[in-house]
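Contents: one structure, followed by commentary.
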Amino acid sequence: MNGLAFWLRRAVPVVVALVVAAACGGGTPTGGSSPSAGSSATAKDTELTFYSGGDTNVQDLHEKQVIPGFQSSSGVKVTFTFLEHGTGAQGIYDRLKAQRDAGKQQWDIDLWEADTGYYTRPDDLFLTISDKDIPNLAKVPKAELDFVNNKAVPYRGSSVVVAYNSDKIANPPQTFDELISWIKANPGKFAYNEPSTGGSGDAFVIAMIYKYSDYSKYNGKPFSADNEKDWDQAFAALRDLAPSLYQKGVYPKGNAGTLDLLNRGEISMGTVWSDQATQALAGGTLPKTIKLTQINPALNGGAAYIGVPKGSTHKQAAFAYLNYLLDPNQQKLIVQGAMAGYPGIDWQYMPADARSRFAGADKEFRYWPGGTYGSDMQRLWHEKVAAAK
Amino acid sequence: MASTTFAAPPRPRPRRLDRSRLAGLALVAPSLLYLTVFVFIPVVKAITTSFTVRDRDNAGNYSYRVGTDNYRAIFETETLRDNVIFTVLIAVISVAIVFALAYSIALALRFGKGPAVRFLSRIYVIPLFIPSVIASYAMITFLANHGFVDGLLQRVGFPDESFPRIVFDWKGIVITQVWLSLPFMTVLLSSVLLEISDTLVESARDVGASSWQIFRHIVLPLSAPGALIGITFMFLGVVGGFTVPYLLGPNAPQMLGVSMVYYMTNYFEPYVASTQAVVIFLLSLVAAIYYVRQQFKREVR
């Protein structure tokens, strides 16, 4: 016993020391201590730090398909960090801004995929990109680059569309106003998901906002709080619509929530993402009687963008990755693979077999800047629509 | 002098005391460190953040100042205030139902006999081993409109649409919380009731006390302190819960756990989220004070 007590007394301080060391080690910020911090512009980059967010299909696209191919063809090692559904995006933005404000020359993130609103914020944290650095950028539609003032690269797209049960609806609505009339004429048969939980629900709310607040105020324009004054009318209209919605105003959770209600026949119509619904139809989790259509003016969608922070330590590798991503062969993965997305480059550069996947579907969509507008819209929707009495 | 032979050498006692004190300190240090890093510092940080107010100009640029605006918002903004009230109501209702059920099960297990009691004693613990996410999804398919129960009722002749809305409603949260917390509360109450000795109950019966009198004057008072600790624990669990209210609750009002996550990750308002965290902390504190006082009483005894 004495021996044990002796060893215990000896061991405890050691354990304490180890815990302290571990705690301190874990507490230091990860940035700045990268061993390659000394790389210069001329030396060839050997690594790349890439932060991304979104659904798991975005994670799979980069992690399982594009990055392995890029690593073996370029010899650059990619460190990929994924945050689901853009959680913590503001935190990453603050981290970039803090490094800029501290006057650091080499920041710890080389590529960042986030809501478009971040790239055009007045802080101006992102490089202006051109086809001199990224040759394949010439294949990208100019409007998509204008939308972010050339501060980020659009590499894939998708839009929200209307899904409907073709057994029950022969002539789906063609316009947003027709959609609203249909909802009122068929109470309980339409749902859009809670905006905070998935973009297909946001799209319905945004369509209502664009009905009362002109689209031209948002497309390619910086944030202005004045525009939000127009939103009250939109929220009032959404509140009036609630009694005609599924269960008199139950908003399912997540994009998948709407798909689930469609699948179980609880609703006959809803707003869904083009890529997710195409995947679900292909995988059999949605019955073949569900058809997709786009209304006019189109529900919002958009390209997903990747930006290069101004202080990126590995700019050449970052440009190389973006150029590789815009290559028609990689773009094909987005269209034909599990993503079922629209390509970032113009359809004319895509091989014919890739073009046929969305044959007949309307590929147009309107943009939504997200960012501050997006978080305000979600909060105000909650206050003025969901919680309204 | 003879007396010198009695003069013992100074005892090494103080030194040994020092060493054992050192060992004691060393034993306490890991948990103290853990509490500091993972409890005290985050709590202080959350409280500081809750007093940070963020203003935004027309172009979307932020400026920061110190103030109590976030707290005022919690009590003056209707949505936020409703969330606090909703959270407390759900917690109180869930705890009341669980307590009533668990107490009757525990009484049956303690004083009852026969095959029914034996069967009950085996099955009541099952929910303890089912994670809350799985239980929530199971409840959705089970209790949803056009779900399992609704389908069964319609089969025996209930009209469509007659089934009440349980999922995506406060009822869904309460039912699932009750289902999940019942076993824990029953285990706790059973052990409390086991501490009441048979001799006490039997001697009361010998002098002619009725079952009700035994319950009212012996069982209830003796089990009250333990029962209140159980109530405290469950109240804390429900007030801070996320999974169940997120999956089964209504779009609005929201329980504080859900609302806090929305403010943090969707609305980019970490300052309001921290304030909500402090409110949860204060609500928990009210319940925890009772628990800590009980613990002190026990130690004194």
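Heads up: the protein sequence lines correspond to chains P and B, in order. Under my numbering, residues 1 to 389 are what the first sequence spells out, in order. Under my numbering, residues 390 to 690 are what the second sequence spells out, in order. Note that beta-carbon positions come from the ideal geometry of N, C-alpha and C, so glycine has one too. Note that this is a predicted model, so its numbers are computed, not measured.
Min CB distance residue i to chain B below 8 Å
i              : result
V148 (chain P) : no
Y251 (chain P) : yes
R239 (chain P) : no
R366 (chain P) : no
E266 (chain P) : yes
Q378 (chain P) : yes
T372 (chain P) : yes
A386 (chain P) : yes
E383 (chain P) : yes
S72 (chain P)  : no
Q348 (chain P) : no
T56 (chain P)  : no
S375 (chain P) : yes
Q90 (chain P)  : yes
Cutoff 8 Å: residue i Cβ touching any chain P Cβ
i              : result
P520 (chain B) : no
H535 (chain B) : yes
A435 (chain B) : no
T468 (chain B) : yes
D471 (chain B) : yes
G629 (chain B) : no
A480 (chain B) : no
A448 (chain B) : yes
Paired residues, beta bridge with residue i - DSSP
i              : result
W273 (chain P) : P:V160
V153 (chain P) : P:I306
N165 (chain P) : P:I290
V484 (chain B) : Answer is none; V484 (chain B) lacks a bridge partner.
A415 (chain B) : Per DSSP, none; premise fails for A415 (chain B).
P343 (chain P) : P:R156
K77 (chain P)  : P:E47
S452 (chain B) : B:D444
S312 (chain P) : P:W107
T621 (chain B) : Its beta-bridge partners do not exist; DSSP assigns none.
T392 (chain P) : Residue 392 (chain P) is absent from the model: chain P starts at 1 and stops at 389.
Per-residue DSSP class, three states only, for residue i
i              : result
Y47 (chain P)  : Residue identity check: residue 47 (chain P) is Glu in the sequence provided, not Tyr. DSSP places E47 (chain P) in strand when its eight states are reduced to three.
N300 (chain P) : strand
D214 (chain P) : coil
Y635 (chain B) : helix
R470 (chain B) : helix
K502 (chain B) : coil
R445 (chain B) : strand
A191 (chain P) : strand
F82 (chain P)  : strand
Y367 (chain P) : coil
R357 (chain P) : helix
G53 (chain P)  : strand
N219 (chain P) : coil
A170 (chain P) : coil
I494 (chain B) : helix
G615 (chain B) : helix
S701 (chain B) : Because chain B here runs from 390 to 690, residue 701 (chain B) falls outside it and cannot be looked at.
K389 (chain P) : coil
V545 (chain B) : coil
The ligand SAH heavy atom lying under 7 Å from the CB of residue i
i              : result
V661 (chain B) : Here there are no bound small molecules, and the ligand SAH is not part of this structure.
Discussion item. Which complete beta strand (DSSP E) runs does the stretch 233-260 of chain P hold, if anything under 3 residues is left out?
Written reply: none
Fill in: Residues in the stretch 222-246 of chain P having any Cβ partner in chain B nearer than 7 Å
Listed by position, the residues of the stretch 222-246 of chain P near chain B (Cβ gap below 7 Å) are P222, F223, S224, A225 and D226.
Worksheet entry | Length-filtered (4 minimum) alpha helix (DSSP H) runs lying within the stretch 551-607 of chain B | Within the stretch 551-607 of chain B, the complete alpha helix (DSSP H) runs of at least 4 residues are 559-583, 587-595 and 600-603.
Discussion item. My parser needs the alpha helix (DSSP H) runs of 4 or more residues fully inside the stretch 85-146 of chain P; what are they?
Written reply: 89-101, 116-119 and 142-146
Item to complete: Pull out every residue of the stretch 640-656 of chain B whose Cβ sits closer than 7 Å to any Cβ of chain P, in chain order.
Response: N640, A641, P642, Y651, T654, N655 and Y656
Practice prompt. Residues of the stretch 178-207 of chain P with a CB closer than 8 Å to any CB of chain B: list them in chain order, please.
Written response: Answer set for the stretch 178-207 of chain P: E194 and S196.
Discussion item. Under 8 Å, CB to CB, which of the residues in the stretch 111-129 of chain P have a partner in chain B?
Written reply: R121 and P122
Discussion item. To be precise: take each residue of the stretch 545-579 of chain B, compare its Cβ to all Cβ atoms of chain P, and keep it if any distance is under 8 Å. Which residues remain?
Written reply: Within the stretch 545-579 of chain B, the residues whose Cβ lies closer than 8 Å to some Cβ of chain P are R554 and F557, listed in chain order.
Worksheet entry | Short-range partners of chain B found in the stretch 94-107 of chain P, where Cβ spacing is below 8 Å | none
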